[in-house]
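So the sequences go chain by chain: A and B.
Heads up: take any position in the first sequence, counting from 1, add 20, and you land on the working numbering.
Heads up: take any position in the second sequence, counting from 1, add 20, and you land on the working numbering.
Take a look at the structure below.
Number of protein chains: 2
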Amino acid sequence: MNLTILGCYAATPRSMTNPTAQVLEIKNRMFLIDCGEGTQVQLRKNKLRFSKINHIFISHLHGDHFFGLIGLISTFSLLNRHNDLHVYGPKGIKEIILLQLKLSNSWTGYNLYFHELTSNEPEIIFEDDRVTVTTIPLQHRVYTNGFLFKEKPNDRKLNIDVVREYGIETCYYQKIKSGYDIILDDGRTIPNEALTFDPPAPKSYAFCSDTMYNEAILPIINNVDVLYHESTFLETEAHLCERTMHTTAKQAATIAKQANAKKLILGHFSTRYGNTDKFKEEATTIFNNVVLADDGKVFELDK
Amino acid sequence: MNLTILGCYAATPRSMTNPTAQVLEIKNRMFLIDCGEGTQVQLRKNKLRFSKINHIFISHLHGDHFFGLIGLISTFSLLNRHNDLHVYGPKGIKEIILLQLKLSNSWTGYNLYFHELTSNEPEIIFEDDRVTVTTIPLQHRVYTNGFLFKEKPNDRKLNIDVVREYGIETCYYQKIKSGYDIILDDGRTIPNEALTFDPPAPKSYAFCSDTMYNEAILPIINNVDVLYHESTFLETEAHLCERTMHTTAKQAATIAKQANAKKLILGHFSTRYGNTDKFKEEATTIFNNVVLADDGKVFELDK
Numbered sequence: 021m022n023l024t025i026l027g028c029y030a031a032t033p034r035s036m037t038n039p040t041a042q043v044l045e046i047k048n049r050m051f052l053i054d055c056g057e058g059t060q061v062q063l064r065k066n067k068l069r070f071s072k073i074n075h076i077f078i079s080h081l082h083g084d085h086f087f088g089l090i091g092l093i094s095t096f097s098l099l100n101r102h103n104d105l106h107v108y109g110p111k112g113i114k115e116i117i118l119l120q121l122k123l124s125n126s127w128t129g130y131n132l133y134f135h136e137l138t139s140n141e142p143e144i145i146f147e148d149d150r151v152t153v154t155t156i157p158l159q160h161r162v163y164t165n166g167f168l169f170k171e172k173p174n175d176r177k178l179n180i181d182v183v184r185e186y187g188i189e190t191c192y193y194q195k196i197k198s199g200y201d202i203i204l205d206d207g208r209t210i211p212n213e214a215l216t217f218d219p220p221a222p223k224s225y226a227f228c229s230d231t232m233y234n235e236a237i238l239p240i241i242n243n244v245d246v247l248y249h250e251s252t253f254l255e256t257e258a259h260l261c262e263r264t265m266h267t268t269a270k271q272a273a274t275i276a277k278q279a280n281a282k283k284l285i286l287g288h289f290s291t292r293y294g295n296t297d298k299f300k301e302e303a304t305t306i307f308n309n310v311v312l313a314d315d316g317k318v319f320e321l322d323k
Numbered sequence: 021m022n023l024t025i026l027g028c029y030a031a032t033p034r035s036m037t038n039p040t041a042q043v044l045e046i047k048n049r050m051f052l053i054d055c056g057e058g059t060q061v062q063l064r065k066n067k068l069r070f071s072k073i074n075h076i077f078i079s080h081l082h083g084d085h086f087f088g089l090i091g092l093i094s095t096f097s098l099l100n101r102h103n104d105l106h107v108y109g110p111k112g113i114k115e116i117i118l119l120q121l122k123l124s125n126s127w128t129g130y131n132l133y134f135h136e137l138t139s140n141e142p143e144i145i146f147e148d149d150r151v152t153v154t155t156i157p158l159q160h161r162v163y164t165n166g167f168l169f170k171e172k173p174n175d176r177k178l179n180i181d182v183v184r185e186y187g188i189e190t191c192y193y194q195k196i197k198s199g200y201d202i203i204l205d206d207g208r209t210i211p212n213e214a215l216t217f218d219p220p221a222p223k224s225y226a227f228c229s230d231t232m233y234n235e236a237i238l239p240i241i242n243n244v245d246v247l248y249h250e251s252t253f254l255e256t257e258a259h260l261c262e263r264t265m266h267t268t269a270k271q272a273a274t275i276a277k278q279a280n281a282k283k284l285i286l287g288h289f290s291t292r293y294g295n296t297d298k299f300k301e302e303a304t305t306i307f308n309n310v311v312l313a314d315d316g317k318v319f320e321l322d323k
């Protein structure tokens, strides 16, 4: 599970910093989360293959989270994309994109599906044989969702020495990896746990941006492996949180601690701050395992 | 009259090249022409003051010419802009921008005026005491205009030695500069040409992108000082011009020659070409004074 930060700064794109966008690679799927202006250039700079992105999740309709989407969708067309593209985001996103495609007389040459979100309850919005994606309703100035990405349980690992000792044929291996016991030709039942090791635990990643401090998300992200939580402000600007509906580093760390997260990645830094060291400093007073996002940074989340 | 090229490449933004946007500084006005994705970052990189831009001209609704507009309009808001902003562009541009402002619940704190264009005839769309802007109807896959920026005639220059010799008082200077003769106290009439020198001729700049080869624009841009004309292709790709409705470097040079332009700037290069030298080479076979646009290049057009 790799996470590439394409942009992690609030508000406006600048010469050296980019608005929110990130790519989660999980179980050989590549998910794009948010798509601020310039995301397609950031994808190029980070050498991520456009064609591997089939699912885009947009948290909310503030510009620093979606103004790059129409450009990316258009570029997919120019690159002669054929794969279906699925966009998940707040109601209205379809109208915004289709209006621009219509007026530029540039319909896509691939199927473009919109999954518009309106619920204020968590819901599974994507599921295949390897991954589920669940919304995390957030509290912000407009309708906003975070997203919880969860691997499905892995196959059990074959204890190949034992399996061969019993002379079990290869065609049964998948059945054993799926957790079944095996009945040998002589009638003996060999319990699955004798033939397999525990698989690596399925991993999970929660993206929570933008939001004010909100304990209502705790049951959804409980025990998450990695939590990306916005921390627009330091404590010195805590008074701005209520009006802008954003979070401080310390508040984000409090959420991570209460959710029993294993790791906290801070991002969505206000561009008012010269450097981001203080965010880690403040968060670490509450929660131990804090790292800072930065544009171009890749987190190998399995390690 | 300065022209700063923020972007001059066709189709998609890339790591090192930007889609169309340029800033024309003329008679202390600053006009933004087209606004591809990433234009606001290019403005920052080129240290152009956001607050001096009050008029934005959009040629057509293909993404590489306007996807950066909504981001720039939003950033103006975040920067607490108060000045009115005027946007000139094809019908539909207002709907695109307002829909996004509405859905992000982010109305601007400044007055935003849209001047939607629908005419297929040239028309004056901006005029003040120093400059006029006239549309240049172009032929492209969607409704497209170029723009002709013309300085108004300058004041005549005082021949200060002669003026003083006649003992003319300062309060008459502006009248003289405006071209009037002067009647002295003794009744003698001094003709204006005895009191003044010819002023520098008013300059003009024509922006023509995107378009196929189109001689219908010649009367509008006749004798223009500087012509920026798209040259998406080299002659090797001339066969693509009809379908895509673009121009080769040689065709652009032919337009410049026929219009009796003084200088030709080529731009809107297809990203298929490794470098742009060949564009100049091909154009120069037809027209002498050819220069190539490049992102970040500043042309001092008075010189």
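Backbone N, C-alpha and C define an ideal beta-carbon position, used for all residues, glycine too.
Open item on the list: Using C-beta distances below 7 Å, list every residue in its chain close to residue 299(B), excluding the 5 sequence neighbours before and after it, in chain order.
Closed with: Around residue 299(B): 251, 254, 269, 286, 289 and 312.
Open item on the list: Can you check which of these residues, 92(A), 198(A), 221(A) and 222(A), is closest to residue 211(A) by C-alpha distance?
Closed with: Out of 92(A), 198(A), 221(A) and 222(A), 198(A) has the C-alpha closest to the C-alpha of residue 211(A).
Open item on the list: Can you tell me which residues form a DSSP beta bridge with residue 307(B)?
Closed with: Residue 307(B) pairs with nothing; no bridge assigned.
Open item on the list: Taking the straight line between their C-alpha atoms, what separation do you get for residue 34(A) and residue 61(B)?
Closed with: Computed Cα separation, rounded: 5 Å.
TODO: Note down, in chain order, every chain A residue with its Cβ under 8 Å from the Cβ of residue 229(B).
DONE: Result: empty, since nearest Cβ-Cβ is about 15 Å, beyond 8 Å.
- [ ] Verify the CB distance criterion: does residue 117(B) have a CB-CB separation below 8 Å to chain A?
- [x] For residue 117(B), no Cβ of chain A is located within less than 8 Å of the residue's own Cβ.
TODO: Can you grab the Cα-Cα spacing for the pair residue 121(A) / residue 149(A), in whole Å?
DONE: Cα to Cα, the separation comes out at about 33 Å.
Open item on the list: Let me confirm a value: residue 305(B) is counted as buried when at least 16 other C-beta atoms fall within 10 Å, else exposed. Which label applies?
Closed with: With fewer than 16 other Cβ atoms within 10 Å, it is exposed.
Task: Reference residue 231(B), options 321(B), 160(B) and 79(B), closest by Cα - done: The shortest C-alpha separation from residue 231(B) is found at 160(B).
- [ ] In the DSSP assignment, find the beta strand (DSSP E) that holds residue 171(A) and state where it starts and stops.
- [x] Residues 164 to 171.
- [ ] Taking residue 86(A) as part of the alpha helix (DSSP H), name the residues at either end of that continuous run.
- [x] For residue 86(A), the enclosing alpha helix (DSSP H) has its first and last residue at 83 to 86.
Open item on the list: Is it the case that the segment 97 to 117 of chain A contacts the segment 190 to 204 of chain A, given that we only count it when at least three CB pairs across the two stretches are under 8 Å?
Closed with: Contact between the segment 190 to 204 of chain A and the segment 97 to 117 of chain A is absent: fewer than three C-beta pairs spanning the two stretches fall below 8 Å.
TODO: Look at residue 75(A) and residue 106(A) and say whether their C-beta atoms are less than 8 Å apart.
DONE: Yes, the Cβ-Cβ distance between residue 75(A) and residue 106(A) is below 8 Å.
Task: Per-residue DSSP class, three states only, for residue 320(A) - done: In the displayed model, residue 320(A) falls within a strand according to three-state DSSP.
- [ ] Identify every run of the beta strand (DSSP E) within the segment 79 to 157 of chain A, keeping only runs that are complete inside it and at least 3 residues long; order them along the chain.
- [x] Given a length threshold of 3 residues, each whole run of the beta strand (DSSP E) inside the segment 79 to 157 of chain A is given here in chain order: 105 to 110, 132 to 137 and 144 to 147.
TODO: Please determine if the segment 167 to 174 of chain A and the segment 217 to 231 of chain A are in contact, where contact requires at least 3 C-beta pairs separated by less than 8 Å.
DONE: Flag = yes, the segment 167 to 174 of chain A and the segment 217 to 231 of chain A touch.
Task: Collapsed DSSP secondary structure at residue 45(A) in the structure displayed - done: Strand.
Task: Interface partners of residue 82(A) on chain B, CB under 9 Å - done: Per Cβ cutoff of 9 Å: 94, 124, 125 and 126.
TODO: Answer yes or no: do residue 214(A) and residue 247(A) have a C-beta to C-beta separation smaller than 8 Å?
DONE: The answer is no: Cβ separation not under 8 Å.
- [ ] Note down, in chain order, each residue of its chain lying with its Cβ closer than 6 Å to the Cβ of residue 258(A), except the 5 sequence neighbours on either side.
- [x] Contacts found: 268.
Open item on the list: Along the chain, where does the alpha helix (DSSP H) containing residue 65(A) start, and where does it finish?
Closed with: It spans 59 to 65 - the alpha helix (DSSP H) in which residue 65(A) sits, taken as one unbroken run.
- [ ] Name the one or two DSSP bridge partners that residue 224(A) has.
- [x] Bridge pairing for residue 224(A): 170(A) [DSSP].
Open item on the list: For chain B, check one thing: does any of its Cβ atoms lie closer than 8 Å to the Cβ of residue 189(A)?
Closed with: False, the Cβ-Cβ gap to chain B never drops below 8 Å.
Open item on the list: Across the segment 21 to 30 of chain B and the segment 43 to 53 of chain B, are there enough close Cβ pairs to call them in contact, namely three or more that are closer than 8 Å?
Closed with: Contact annotation: the segment 21 to 30 of chain B touches the segment 43 to 53 of chain B, with at least three C-beta pairs closer than 8 Å.
Task: DSSP state of residue 28(A) mapped onto helix, strand, coil - done: Residue 28(A) sits in coil when the DSSP states are folded into three classes, being neither helix nor strand.
Task: Member of 125(B), 59(B) and 217(B) whose CA lies at the smallest distance from the CA of residue 176(B) - done: The shortest C-alpha separation from residue 176(B) is found at 217(B).
Task: Alpha carbon of residue 264(A) to alpha carbon of residue 50(A), nearest angstrom - done: Cα to Cα, the separation comes out at about 31 Å.
Open item on the list: Rounded to the nearest angstrom, what separates residue 66(B) and residue 275(B) at their Cα positions?
Closed with: Cα to Cα, the separation comes out at about 30 Å.
Task: Boundaries of the alpha helix (DSSP H) in which residue 193(A) is found, first to last residue - done: Counting along the chain, the unbroken alpha helix (DSSP H) around residue 193(A) starts and ends at 193 to 197.
- [ ] Report yes if the C-beta distance between residue 29(A) and residue 291(A) is below 8 Å; otherwise report no.
- [x] Contact: yes.
Open item on the list: Could you give the first and the last residue of the continuous beta strand (DSSP E) run that contains residue 234(B)?
Closed with: No beta strand (DSSP E) contains residue 234(B), which DSSP labels as neither H nor E.
- [ ] Measure the alpha-carbon distance for residue 87(B) versus residue 68(A) and round it to whole angstroms.
- [x] Distance between the alpha carbons of residue 87(B) and residue 68(A): 22 Å.
Open item on the list: Would residue 145(A) and residue 155(A) be called neighbours here (beta carbons separated by less than 8 Å)?
Closed with: Cβ atoms of residue 145(A) and residue 155(A): closer than 8 Å.
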